[in-house]
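Q: Below are the structure tokens for one structure; questions will follow.
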Amino acid sequence: MGLFSTAKKESQIGIDFMRDGVAVAQVQTGKNNPGDIIRSEFIAAADHENQVEALKGWVHDNNLQKTPCVCLVADDDCDIYQVERPEVEDSEMIQAVTWKVKDLVNYDVTHAVVDCYPLPVSSKNKRQQVGVVAARETVISNYVESVRSTDLQLNALDVHELVGCNLRAIQHSAGQSMALLALAAGKGWLSVYHDTDLYVSREFMIGIDQLELATSDDESIFDALLLEIQRSLDYFESFYGIGTVINLRIFPQLDATEKMAMYLQNFSNFDIDFLAIDGVDDSPGLEPHCFHAYCAALRDLSL
């Protein structure tokens, strides 16, 4: 049993509770190939209670009790605000930003869990901004209790917007500007990074379902996506003034996204390719629903 216990400790799991199921991804954390996928799976379930029960079964079936995990808080369960950094000591920052967002949340802020993170300084706005994440205490408590009930070891809660920084491609992009396009069934996310820091994050209602409808006679959805990307990149370049994006990486790689990538490349002056994700041995790769769960599982890993 000691051997198997040690093996389980050399991995970390990412969890993403979604509208119609729970996505899970397990990655290696030891010295050998950290970040490589061991397994990923999307488990269909209609509501949070059933998702928790499904996650319990998955943990039991794979003998993953006590394995460290990072759980994502759903976008609908938290709010992210951008405010000017209060001029206080770091030890007083949470209290100060809580006061700054008290009129922005639609509930009593004394019943909120609040955290913050620094945002890049723009060449057009020298005032330091911070991102503030706020969620109801009861919501956060529910996440904590849900995960603990599965016998996993909860290391952290995180948010979708920030976990892309954990990717190997982003960690290895020091000194460069890189964009990441992640697509789900009905929506997509574009993130722009410079020197491994997140500068721009946008969500739009164009996803794989829409891309699959494109034909050689009607590629208007590709034009719409190109416009969304170009707007974001133009904003990054004009607002921050630190150069242009040289690479765009895409996930997942499917027939529809390959066709889209070829179309985008014809109208772009940056390199477009698909995100490389390594797996262990005969791992089938990353299940498309599990992208953010995978990013969460990479938290605190040096790849």
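In our numbering, the protein residues as written are 2 to 304.
Glycine included, each C-beta is placed from N, C-alpha and C at the ideal position.
Could you tell me which of V89, P87 and A136 sits nearest to V110, measuring between CA atoms?
A: Selected option, being the one with the closest Cα: A136.
Q: Around the C-beta of W190, are 16 or more other C-beta atoms found within 10 angstroms, so that it is buried, or is it exposed?
A: Buried is the call here.
Q: Could you say which of D21, A97, C117 and V53 lies nearest to Q83 if we only look at CA atoms?
A: Closest option to Q83, Cα to Cα, is C117.
Q: For A298, which residues in the same chain have their Cβ closer than 7 Å to its Cβ, ignoring the five residues on either side in sequence?
A: The answer, listed in chain order, is Q13, I14, G15, A26, Q27, V28 and V71.
Q: I'd like to know whether the C-beta atoms of V1 and S147 end up nearer to each other than 8 Å.
A: Beyond the ends of the chain as shown, which are 2 and 304, falls residue 1; an answer cannot be given.
Q: Could you compute how far the alpha carbon of L234 sits from the alpha carbon of G280?
A: Between L234 and G280, the C-alpha separation is close to 31 Å.
Q: How about F223 and M179: are their beta carbons less than 8 Å apart?
A: No, the Cβ-Cβ distance between F223 and M179 is not below 8 Å.
Q: Rounded to a whole number of angstroms, what is the C-alpha to C-alpha distance between N143 and D272?
A: Each residue's alpha carbon lies about 43 Å from the other.
Q: To the nearest angstrom, how far is it from the Cα of H187 to the Cα of L212?
A: Per the sequence shown, the amino acid found at residue 187 is Gly instead of His. Those two C-alpha atoms are separated by around 9 Å.
Q: Would you call D301 buried or exposed, if buried means 16 or more other Cβ atoms sit within 10 Å of its Cβ?
A: So D301 counts as exposed.
Q: In this structure, does DSSP put R40 in helix, strand or coil?
A: Residue state, collapsed to three classes: strand.
Q: Look up R203 in the DSSP assignment and say whether it is helix, strand or coil.
A: R203 falls in the strand class under three-state DSSP.
Q: Specify the secondary structure class of H293 as computed by DSSP and reduced to three states.
A: Correct three-state label for H293: helix.
Q: Just the C-alpha distance for S192 and Y241, rounded to the nearest angstrom, thanks.
A: Approximately 15 Å, taken between the alpha carbons.
Q: In the structure shown, what three-state DSSP assignment does D159 receive?
A: In the structure shown, D159 sits in a strand (DSSP, three-state: E or B).
Q: Closer than 8 Å, CB to CB, is M263 near chain B or not?
A: In the structure shown, chain B cannot be found, because there is only a single protein chain.
Q: Jot down the residue ranges of each uninterrupted alpha helix (DSSP H) in the segment 85 to 141, minimum 4 residues, whole runs only, in chain order.
A: Taking only runs of at least 4 residues, the alpha helix (DSSP H) segments lying wholly in the segment 85 to 141 are 94 to 101.
Q: Grab me the residues of A97's own chain with a C-beta within less than 6 Å of its C-beta, minus the 5 sequence neighbours each way, in chain order.
A: Same-chain partners within the cutoff: P87 and V89.
Q: Where D218 and E229 are concerned, what is the direct C-alpha to C-alpha distance, given to the nearest angstrom?
A: In a straight line, the C-alpha of D218 is about 21 Å away from that of E229.
Q: Output needed for M206: all residues of its chain with C-beta closer than 6 Å, excluding positions within five of it in sequence on either side, in chain order.
A: Excluding sequence neighbours, M206 sits near K188.
Q: Pop quiz: F292 and F252 are said to be a contact at Cβ under 8 Å. What is the actual Cβ separation, rounded to whole angstroms?
A: About 6 Å separates the two Cβ atoms, so the contact holds.
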